[in-house]
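Residue numbers (the working numbering), protein chains in the order written: chain X, 1 to 365; chain V, 1001 to 1365.
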C-alpha cells in the first residue's frame, strides 16, 4: 500500500498516454483534478491485488465516449463519481475499492478522482493493460464477471442504470447509444466485483507500470538521454517504424473516432511507408508492401521522436515526426478466449493472423 | 369501479385504433393477451380518477418504439410488466394503480396486461387522449410531473433505469436510443405519480370513451347502419375527406415511421386531393390547393369507408378507400403550455397556425 504523490501523477500522465495506444483520451485534465484534490489535503492510497481484503466490494470507474469529443467538451470531472453513487444506491451497498477499467489514457486518472471524492483506495491494476474502444474488451468481462448492474452519468447529473443485461457486448451497445445522447461523453461505473473476482480477472500492477514508464521518460529527458529508448526498456517494447505523418483520415462514427494515418519513413525507414488503422486506438500497422508489423491486442503507440511524448489519434496531424512503438500485450489478452474479443477478427480483420510481438509486457529485455 | 369483459376489449380494440390517429400500433396482439388473462380467471378492475385513494402510487406502462417494428417483431407481451417491476425495485415501493400513457393504439391494452399480472387496478384515463410519437408529449409531463425515475425492458429481460433526467425531452432522447438498440421496441414504466398528480394531469375517462367508440361502430355494423357516422357521433368528430389512397411514402428514421400519404378524392371530394404527413401518427391534412383541414393536436384518423375499421400508418397502402376523420383534441391539449409541446411548431410546422376543429372531444354534437 502506498500513497499517490504529484510526481507520480506527472509520470502516470505520460505512461498512461503511451499505454493508450493512440486512444483512451488525454489524461491531462484528469491529472489537474487529482492534483487539486491532493493539494486540498486528500490522500489517495494504492492497494495491490494481494492487499485487498476478502470482503472487498469493487467496481471500475471511468469515462465512456470518443476522445475526439472529450477534447472539445470538457466535462465536470466527477461524472464517474456520480455514476458510482448511482450504482451504490441501486445496489444498496457501498464500494470499498475502485479499479481502472483501462490504464491507457484518461481512464487512468478517473479512479484517483473517485478515490479522492469517496475516500476509498485504488487497486493497482486494470482490465486492459492498455486502452480499447469498447466496454466488453476488458479482462473482467472476458474472464466471466457479469457486466451489470452498471451506471452512466453525464455532466447534467442525469443517471442511467443498466441491469440484467445478458452480456457485455449488449451493454456496450446500450451504453454507447446513451453516451452519444449524453453529448458523446459520460462517466461510468460497472461491474460490481468481489475480491475473488477482481483478483482472478484484473491485470496486476499496471498503475505502477504506467508510473514507471513516465518516470523513465522524464528521467531520460532530464539527463538528455533518449526518452524513446527509456520507454522501450520499461514497457518491453520495440521500435516498429520511424517517420513523418503524411496523411490523417478521421471521422466520428457511431461515437468512435475511426480512421487511418499514413507515415512516410525517415532515418532507418527512408523509402518505406506505414499505414495505421484506428478505432479510437491504433489497431494494425502495415507497411506499403503489405507487411503487418503489429496488430491488436499488441500495443501500437505513436510517440514524438525527440521527447517520447505520446501522440493520440485526436491530435495526430500532418508533419509530426514520430516513432511507432510495438509493445507486446499482457499475457491475459493473448489467450484464445481473449483473442475472440480483442483479436484481429473482433476488429474487422478476419484474414489477419495474430503473430505476437516478441518480449513480455512491462518487462525489459 | 367496474370490471373489464371480453366484449369491452373487442370494443376497446376499435376505439383505441381510431384514437391512435394512424400510430400507436395495433391493439390486436395486446387484446389477445388480455383475453387470455381473463379466461385464466384474472379480474381487471377499472377505477375512475375520483375513486382512487389519496395514498395511491401510480405509473404508466406501455410500449415504446415504431409501430413498423412492432408488427414485424412480436414481443413477449409482458415487457412493460418487467419495466414496472424494475422501477418498483429501484424505488423500493410497489405501485397501487396503473394508467395508460396513451389510449391510442396498442398502449391502450398494456395497462390491462399489467393489471392482470400484478393484480392492481387500471385508472380510467390517460396522458394523451390519442397517440403521440414521443414520451414528453403527455399531459403528465406537460403539467409538471417529473419524468423520472423510469424504466425500460426488452424481450430478453434486459432492464435500463433512467433517473434524475432533467426533463422529458431528454428522457425521450435517451430512452429512444436504448429502444433502438433493444431492436426497436421496448416496454416502459414511468413516471411515478401520487394520487394528486395523476388526478390533476390525466385526461379523464378515455378508457370508457375508447370502449364507447368501439361499441358504437360494432352496433352500427350489426345494424347495417353507417359505422363511420356512429364513430363520429361518439368522438365529437367530423368527416374531413373521402377518397382513395394513391401514394404512400414511409421510412423508418430515428426509430419512427415517418412519411406521407396522398389521397385522391371520391364521392363528395371528387376532383380534390389530400396529403397527410405522419410521424407514427398523422400530423397534418392539407388539400392539393394548400388548405389545411386539420393539424395536431387535433386527431386525424383514417378509417375504412364501409366498416370504420381504423387504418394505421403501417398498414395503409395504395387503393384503400377511406374516410379521413377530424376529431377535436381534448381541452388539456389545447392550452398554450400544451401547444408548445404538441402543437404544429413542435412537429416542424412553425408556419401553420393551430385553428382548432369545432366541437368537443368525446361529446356528440
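A virtual CB, placed ideally from N, CA and C, is assigned to each residue, including glycine. The structure displayed is predicted, hence computed values, not measured ones.
So with CB distances below 7 angstroms, who are the chain X contacts of residue 1159 of chain V? Taking the first residue of the second chain as 1, we reach residue 1159 of chain V at position 159. Ordered by position in chain X, the residues that pass the 7 angstroms Cβ test against residue 1159 of chain V are 163, 164.
Can you list, in chain order, the residues of its chain whose CB lies under 8 angstroms from that of residue 34 of chain X, leaving out five sequence neighbours each side? The residue labelled residue 34 of chain X in the question sits at position 34 within the first chain. Non-local C-beta neighbours of residue 34 of chain X in its own chain, meaning closer than 8 angstroms and more than five positions away in sequence, comprise 4, 9, 44, 109, 112, 113, 116, ordered along the chain.
Could you tell me which of V:1031, V:1234, V:1287 sits nearest to residue 1007 of chain V, measuring between CA atoms? By 1-based counting over the second chain, the position of residue 1007 of chain V is 7. For residue 1007 of chain V, the closest alpha carbon among the candidates V:1031, V:1234, V:1287 is that of V:1031.
Own chain residues within Cβ distance below 7 angstroms of residue 1120 of chain V, not counting five before or after: Within the second chain, residue 1120 of chain V is the residue found at index 120, counting from 1. Result list for residue 1120 of chain V: 1095, 1096, 1097, 1098, in chain order.
Residues near residue 1157 of chain V in its chain [Cβ-Cβ closer than 8 angstroms; skip 5 each side]: The count along the second chain starts at 1 and reaches residue 1157 of chain V at position 157. For residue 1157 of chain V, where only same-chain residues beyond five positions count, the Cβ hits under 8 angstroms are 1082.
Beta-carbon of residue 1270 of chain V versus every beta-carbon of chain X: anything under 8 angstroms? Translated into the one-based positions of the second chain, residue 1270 of chain V becomes position 270. Taking Cβ atoms only, chain X never reaches closer than 8 angstroms to residue 1270 of chain V, which makes this a no.
Taking CB distances under 8 angstroms as the criterion, tell me whether residue 1180 of chain V reaches chain X. For the purposes of this step, residue 1180 of chain V is taken as the residue at position 180 of the second chain. Chain X, which has a Cβ nearer than 8 angstroms to the Cβ of residue 1180 of chain V, makes this yes.
Taking the alpha carbon of residue 11 of chain X as the point to measure from, which residue in X:322, X:219, X:354 has its own alpha carbon closest? Counting from 1 along the first chain, the entry for residue 11 of chain X is found at position 11. Nearest neighbour of residue 11 of chain X by Cα position, chosen from X:322, X:219, X:354, turns out to be X:219.
Would you say the stretch 37-51 of chain X touches the stretch 120-133 of chain X, given that touching needs at least three Cβ pairs under 8 angstroms? With a cut-off of 8 angstroms, the stretch 120-133 of chain X and the stretch 37-51 of chain X count as touching, because enough Cβ pairs lie within range.
Interfacial residues, the stretch 1082-1104 of chain V to chain X, with Cβ spacing under 8 angstroms: Under the 8 angstroms Cβ criterion, the stretch 1082-1104 of chain V contributes 1086, 1090.
Which of helix, strand or coil DSSP assigns to residue 1370 of chain V: Residue 1370 of chain V lies beyond the residue range present for chain V, which begins at 1001 and ends at 1365; the question has no answer from this structure.
Under a Cβ-count criterion, where at least 16 other Cβ atoms within 10 Å of its own Cβ denotes burial, should residue 154 of chain X be classed as buried or exposed? Here residue 154 of chain X refers to the residue found at position 154 when the first chain is read from its first residue. So residue 154 of chain X ends up on the buried side.
Our contact map puts residue 191 of chain X next to residue 91 of chain X with C-beta atoms below 8 angstroms; I'd like the distance itself, whole angstroms only. Taking the first chain and counting its residues from 1, one reaches residue 191 of chain X at position 191. Taking the first chain and counting its residues from 1, one reaches residue 91 of chain X at position 91. The distance from the Cβ of residue 191 of chain X to that of residue 91 of chain X is about 11 angstroms, inconsistent with a contact at the 8 angstroms cut-off.
8 angstroms Cβ cutoff, residue 170 of chain X in contact with chain V: One-based indexing of the first chain puts residue 170 of chain X at position 170. It does; some Cβ of chain V falls within 8 angstroms.
Residue 16 of chain X to residue 1093 of chain V span [Cα, whole Å]: For the purposes of this step, residue 16 of chain X is identified with residue 16 of the first chain, where counting begins at 1. For the purposes of this step, residue 1093 of chain V is identified with residue 93 of the second chain, where counting begins at 1. Answer to the nearest angstrom: the Cα atoms are 44 angstroms apart.
Residue 1312 of chain V and residue 1063 of chain V - do their beta-carbons sit closer together than 8 angstroms? Counting from 1 along the second chain, the entry for residue 1063 of chain V is found at position 63. Counting from 1 along the second chain, the entry for residue 1312 of chain V is found at position 312. For residue 1063 of chain V and residue 1312 of chain V, no; Cβs fall outside 8 angstroms.
Close Cβ partners of residue 1128 of chain V (< 6 angstroms) along its chain, the five nearest in sequence each way excluded: Position 128 of the second chain, counted from the first residue, corresponds to residue 1128 of chain V. 1102, 1138.
Would residue 261 of chain X pass as a contact of residue 245 of chain X if the rule is Cβ separation under 8 angstroms? Residue 261 of chain X sits at position 261 when you count from the first residue of the first chain. Residue 245 of chain X sits at position 245 when you count from the first residue of the first chain. When the beta-carbon positions are compared, residue 261 of chain X and residue 245 of chain X come within less than 8 angstroms of each other.
Going by other Cβ atoms of all chains shown within 10 Å of its Cβ, with 16 needed for buried, is residue 1013 of chain V buried or exposed? What you label residue 1013 of chain V is simply residue 13 of the second chain in a count that begins at 1. With 16 or more other Cβ atoms from the protein chains shown falling within 10 Å of its own Cβ, residue 1013 of chain V counts as buried.
Hey, residue 188 of chain X and residue 150 of chain X are a contact pair by Cβ (cut 8 angstroms); roughly how many whole angstroms apart? Counting from 1 along the first chain, the entry for residue 188 of chain X is found at position 188. Counting from 1 along the first chain, the entry for residue 150 of chain X is found at position 150. Indeed they touch by this definition, with Cβ atoms about 7 angstroms apart.
Could you work out which residues of chain V lie near residue 188 of chain X, taking near to mean beta carbons separated by less than 8 angstroms? As a position in the first chain, residue 188 of chain X is number 188, starting the count at 1. Result: empty, since nearest Cβ-Cβ is about 14 angstroms, beyond 8 angstroms.
When the distance is taken between beta carbons, is residue 18 of chain X closer than 8 angstroms to residue 223 of chain X? Numbered from 1 along the first chain, position 223 holds the residue referred to as residue 223 of chain X. Numbered from 1 along the first chain, position 18 holds the residue referred to as residue 18 of chain X. The Cβ atoms of residue 223 of chain X and residue 18 of chain X do not sit closer than 8 angstroms to each other.
Helix, strand or coil: which one does DSSP assign to residue 1223 of chain V? Within the second chain, numbered from 1, the residue matching residue 1223 of chain V stands at position 223. In the structure shown, residue 1223 of chain V sits in coil (DSSP, three-state: anything other than H, G, I, E or B).
Whole-angstrom distance between residue 239 of chain X and residue 365 of chain X, CA atom to CA atom: The residue given as residue 365 of chain X occupies position 365 in the first chain. The residue given as residue 239 of chain X occupies position 239 in the first chain. Unreliable placement is indicated for residue 365 of chain X, whose pLDDT of 48 sits below 50; no coordinate value is reported for it.
Where do the ends of the beta strand (DSSP E) carrying residue 1360 of chain V lie? Against the second chain, residue 1360 of chain V aligns to sequence position 360. Where residue 1360 of chain V is concerned, there is no enclosing beta strand (DSSP E), given that its DSSP letter is neither H nor E.
Contact check, residue 264 of chain X vs residue 273 of chain X, beta carbons under 8 angstroms: Your numbering for residue 264 of chain X matches position 264 in the first chain. Your numbering for residue 273 of chain X matches position 273 in the first chain. Cβ atoms of residue 264 of chain X and residue 273 of chain X: closer than 8 angstroms.
What does a CB cutoff of less than 8 angstroms around residue 1204 of chain V pick up in its chain, not counting 5 residues either side in sequence? Here residue 1204 of chain V corresponds to residue number 204 of the second chain, with the count starting at 1. 1048, 1049, 1124, 1125, listed in sequence order.
By alpha-carbon positions, which one of X:169, X:340, X:334 ends up nearest to residue 356 of chain X? As a first step, residue 356 of chain X is located in the first chain; it is residue number 356 there, counting from the start. From the listed residues X:169, X:340, X:334, the smallest Cα separation to residue 356 of chain X is found for X:334.
Contact set between residue 199 of chain X and chain V, taken where Cβ atoms lie within less than 7 angstroms: Numbered from its first residue, the first chain carries residue 199 of chain X at position 199. In chain order: nothing, as chain V lies at least about 29 angstroms away.
Which bits of chain V does residue 177 of chain X rub up against, with CB to CB less than 8 angstroms? Locating residue 177 of chain X in the first chain gives position 177, where the first residue counts as 1. Within chain V, the residues near residue 177 of chain X are 1177, 1178, 1180, 1181.
Got a sec? Which residues, its chain only, sit under 7 angstroms from residue 1268 of chain V by beta carbon, not counting five neighbours each side? The sequence position of residue 1268 of chain V within the second chain is 268, counting from 1. For residue 1268 of chain V, where only same-chain residues beyond five positions count, the Cβ hits under 7 angstroms are 1242.
Under three-state DSSP, which class holds residue 349 of chain X? Position 349 of the first chain, counting from 1, holds the residue named residue 349 of chain X. For residue 349 of chain X, the three-state secondary structure derived from DSSP is coil.
Applying the 10 Å Cβ sphere with the 16-neighbour rule, what's the burial state of residue 225 of chain X? In the first chain, residue 225 of chain X corresponds to position 225, counting from 1. Label assigned to residue 225 of chain X: exposed.
Buried versus exposed, by CB contacts within 10 Å (16 or more), residue 165 of chain X: The residue given as residue 165 of chain X occupies position 165 in the first chain. With at least 16 other beta carbons inside 10 angstroms of its own, residue 165 of chain X counts as buried.
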